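Step one of this worksheet: look at the structure below.
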Amino acid sequence: MLLKLSNIHKSYGSDQTGKSKQVLKGISLELDQGETLAILGPSGSGKSTLLNIIGALDKPDSGDIIFNENPLNNYTEKQLSLFRNQEIGFIFQSHHLLPQCTLLENVLIPTLTSGDAKYKKECHSRAMDLIEEVGLSEHSNKFPGQLSGGECQRVAVIRSLINKPRLLLADEPTGSLDRENAMGITSLLLKLNKEYQTSLIVVTHSGEIGQQMNKAYKLVNGHLN
2 MLLKLSNIHK SYGSDQTGKS KQVLKGISLE LDQGETLAIL GPSGSGKSTL LNIIGALDKP
62 DSGDIIFNEN PLNNYTEKQL SLFRNQEIGF IFQSHHLLPQ CTLLENVLIP TLTSGDAKYK
122 KECHSRAMDL IEEVGLSEHS NKFPGQLSGG ECQRVAVIRS LINKPRLLLA DEPTGSLDRE
182 NAMGITSLLL KLNKEYQTSL IVVTHSGEIG QQMNKAYKLV NGHLN
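Mapping to our numbering: the sequence shown position 28 is 29, numbers consecutive.
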């Protein structure tokens, strides 16, 4: 088992009565290596909060997170930062590409913190292979402003894979795309999932996308169903 969440609770701020708003109420789930999972639900239901907790961008108020048999609750901030960089690939609704960097440079951004010249050379080769795999080789030296929305999101997908993460977390990755491009990105994610056995969790409003995953849950009133 790659990931296990047990009884995760999370609250934020306070409402007009002075009470905090409970977003997640005892969430538990399991994910195996290479498995795909969709989390569906209305806006404001806590889907992104749950994804951020899984990716160690946020901490639960209570509950346990086990990743590859290691309890993340015990990690220091430095260990969590290393975990995010090495084990997790993030994809968001907006591609977040740097406009002043080329397609290739954007893909390589997660590797910039490494001072290992050999590793960087390997990553450059991997980046070129990934760019070719998604059909963007002829655009590798172009800037985001010269690419379509669907092409930019493809770049964001392969950027998330450059460090060979075990888990991809995709937060509404097709939300800003038309249906054709949305299905294209979904097919790409599933193709890469099978090829690299990278586990995948997708937050989405789309039941059509959810049906293509191994598991699909609805997050409603703080509970997974």
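For glycine and all other residues, C-beta sits at the position ideal for the given N, C-alpha and C.
What you are looking at is a predicted structure, and each value in this text was computed from that prediction instead of being measured.
Per DSSP, His10 is one residue of the beta strand (DSSP E) stretching across Leu4 to Tyr13.
Under DSSP, Asn71 shares a beta bridge with Phe68.
Glu173 counts as buried, since no fewer than 16 other beta carbons sit within 10 angstroms of its beta carbon. Under a 10 Å Cβ-count criterion, Tyr120 is classified as exposed, with fewer than 16 other Cβ atoms of the shown protein chains found around its own Cβ.
Burial of Gly151 is indicated by the presence of at least 16 other C-beta atoms within 10 angstroms of its C-beta. A direct Cα-Cα distance of roughly 8 Å separates Thr205 from Gly176. If you check the CB distance, Ile163 and Val108 come in under 9 Å. Counting other Cβ atoms within 10 Å of its Cβ, Ala39 reaches 16 or more and is therefore classed as buried. Rounded to the nearest whole angstrom, the CA to CA distance from Glu196 to Asn215 is 16 Å.
Here Leu169 is not near Leu41, since their CB atoms are 9 Å or more apart. Assignment of Glu31 by DSSP, reduced to helix, strand and coil, places it in the strand class. The beta carbon of Ile159 sits closer than 7 Å to those of Val108, Leu131, Ile132 and Val135, all from its chain and outside the five residues before and after it, given in chain order. The beta carbon of Gln101 lies closer than 8 Å to those of Phe144 in the same chain, with the five residues before and after it left out. Segment contact: the region 4-12 against the region 51-70, three or more CB-CB distances shorter than 8 Å; contact assigned.
Linking Gly211 to Met184 through their CA atoms gives a straight-line distance of about 12 Å.
A straight-line Cα-Cα distance of about 22 Å links Glu88 and Ala217.
Distance from the Cα of Ser149 is smallest, within the candidate group Ala128, Ser126, Asp179 and Asn69, for Asp179. Taking the Cα positions, Lys165 is about 14 Å away from Ser115.
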